[in-house]
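Numbering (this note's numbering), first residue to last: 115 to 369.
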């Protein structure tokens with residue numbers, strides 16, 4: 115896989131599908147209100163009917179602000195910055211519907227996930243998040259290690275002999291040079307456990323589209339950036355990663 119995938123991915127794709135998903139939800143809500151409002155009036159529940167109408171109107175306005183804020187982030191314009199810390203809650207709530215509309219238009223889930231990761235990284239950069247190197251946790255999947263390697267490093271990365279036949283050794287060396295925490299995880303459960311133990315202020319994950327997307331959502335509100343791994347032998351087997359891209363991404367977020 116091309117290491118520049120996220121750079122060339124259209125971040126706007128996710129926003130377009132999010133906007134479509136939002137519009138469909140709002141249409142459904144107002145349709146329900148349109149059907150229920152006369153009935154509530156006939157039952158002398160005018161206050162309840164007006165309250166529901168007001169809630170729907172406010173929800174529509176706030177949701178439109180979230181979409182506008184994402185668009186402004188893409189244009190590097192700060193307008194509704196107070197919404198930034200809630201933006202991932204909004205995205206997570208809409209994500210299943212976004213995937214649904216993607217299927218309708220023949221857009222693969224992987225393409226949607228790439229767009230989401232690219233947008234997520236851009237938003238974190240736009241928010242100018244900076245942490246000390248010791249407050250950053252970098253997590254990689256165990257498939258970065260050669261399957262034939264006898265030195266298992268899942269529970270202890272110091273077991274690595276740094277033969278440089280895979281990227282685990284260089285990543286350990288990079289962590290020592292820059293000062294960030296580096297761990298290897300076999301899956302999302304272990305990754306969350308590691309994050310809970312180390313309590314970093316930011317996470318950088320190396321993984322495939324699916325694991326990055328779920329990981330970013332799982333650790334929220336902890337900010338998490340993502341770097342796609344390279345899969346010359348298919349998924350989850352002897353994968354690798356662009357070390358220069360990893361270091362470049364790390365340096366964007368450390369003080």
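Virtual Cβ for every residue (Gly too), placed ideally from N, Cα, C. Model, not experiment: these values are computed from the prediction.
{"Item": "May I have the straight-line CA-CA distance separating residue 226 from residue 267, to the nearest angstrom?", "Value": "32 angstroms"}
{"Item": "Could you tell me the distance, in whole angstroms, from the CA atom of residue 322 to the CA atom of residue 342?", "Value": "5 angstroms"}
{"Item": "I want to know whether the stretch 329-336 touches the stretch 347-355 - three or more CB-CB distances under 8 angstroms.", "Value": "no"}
{"Item": "Can you tell me whether residue 318 is helix, strand or coil according to DSSP?", "Value": "strand"}
{"Item": "Would DSSP call residue 296 helix, strand or coil?", "Value": "strand"}
{"Item": "Which residue from 337, 128, 243, 296 puts its Cα closest to that of residue 210?", "Value": "128"}
{"Item": "According to DSSP, what are the bridge partners of residue 340?", "Value": "319"}
{"Item": "Three-state secondary structure (DSSP) at residue 252?", "Value": "strand"}
{"Item": "In whole angstroms, give me the CA-to-CA distance for residue 222 and residue 214.", "Value": "10 angstroms"}
{"Item": "Using alpha carbons as the reference points, say which of 280, 271, 277, 279 lies closest to residue 290.", "Value": "271"}
{"Item": "Roughly how many whole angstroms lie between the Cα atoms of residue 174 and residue 302?", "Value": "34 angstroms"}
{"Item": "Cutting at 6 angstroms between CB atoms, please list the residues of its own chain near residue 116, excluding the five before and the five after it.", "Value": "Model confidence at residue 116 stands at a pLDDT of 43, short of 50, so the residue's coordinates are unreliable; what they give is reported in the following sentence. Nothing meets the Cβ criterion."}
{"Item": "Checking the sheet assignment: what are the DSSP bridge partners for residue 355?", "Value": "Residue 355 pairs with nothing; no bridge assigned."}
{"Item": "Which residue wins for smallest C-alpha separation from residue 233, given the options 219, 327, 366?", "Value": "327"}
{"Item": "Do the stretch 202-209 and the stretch 269-288 touch if we need at least three Cβ pairs shorter than 8 angstroms?", "Value": "no"}
{"Item": "When the Cα atoms are used, what is the spatial distance from residue 357 to residue 176?", "Value": "40 angstroms"}
{"Item": "Which class does residue 205 belong to by DSSP, given the choice of helix, strand or coil?", "Value": "helix"}
{"Item": "Report the option in 258, 182, 149, 244 whose CA atom is closest to the CA atom of residue 320.", "Value": "258"}
{"Item": "In whole angstroms, what separates the C-alpha of residue 245 from that of residue 287?", "Value": "20 angstroms"}
{"Item": "Look at the alpha carbon of residue 253 and the alpha carbon of residue 149, and state the distance between them as a whole number of angstroms.", "Value": "50 angstroms"}
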